[in-house]
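Heads up: the structure comes next, in structure tokens.
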Amino acid sequence: MTITEKEDTMQLNITGHHVEITEALREFVTTKFAKLEQYFDRINQVYVVLSVEKIQHIAEATVHINGGELHATSEQTDMYAAIDTLVDKLARQLNKHKDKLKQH
1 MTITEKEDTM QLNITGHHVE ITEALREFVT TKFAKLEQYF DRINQVYVVL
51 SVEKIQHIAE ATVHINGGEL HATSEQTDMY AAIDTLVDKL ARQLNKHKDK
101 LKQH
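For the sequence shown, UniProt numbering gives the first residue as 1, with consecutive numbering after it.
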């Protein structure tokens, strides 16, 4: 199942693999990923894959930005915790990318 959210500049695609994307889960992902635009405002597309393997909940994301692509993965025993960790990792990567752009 794929759900697409059209924001002003960022397009968010959410896919579930062995997990149902409920309305609550979709809202949580949308809210969390909207915060990434605070760190870097030139995010074009975000592909999020949520999956469950045995007891591990895995959240993966590929972020397409002007001038590149970022990827992060998070594994937790809870899907919401995996999404939180994933967004934190991506926020750090976006800050690094932004700092690199400022240095040039």
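Positions of the beta carbon are idealized from the N, C-alpha and C atoms, including for glycine. Owing to the predicted nature of the structure, the values given are computational and were not obtained by experimental measurement.
In this structure, does DSSP put His64 in helix, strand or coil? strand
Sequence-distant residues of its chain with Cβ nearer than 7 Å to Ala91 (five each side left out): Leu36 and Tyr39
Leaving aside the five residues before and after Leu101 along the sequence, list all residues of the same chain whose C-beta is less than 8 Å from its C-beta, in chain order. Gly67
Beta carbon of Val48 nearer than 9 Å to that of Phe33: yes
Under 9 Å between the Cβ atoms of Asn13 and Gln45? yes
Based on Cα-Cα distance, which residue from Leu50, Ile55 and Gln56 lies nearest to Thr62? Leu50
Where DSSP assigns a beta bridge to Tyr39, which residues make up the other side? Answer by DSSP bridge pairing: none, since Tyr39 is not bridged.
Please return the same chain residues whose Cβ sits closer than 6 Å to the Cβ of Gln11, not counting the five positions on each side in sequence. Gln45
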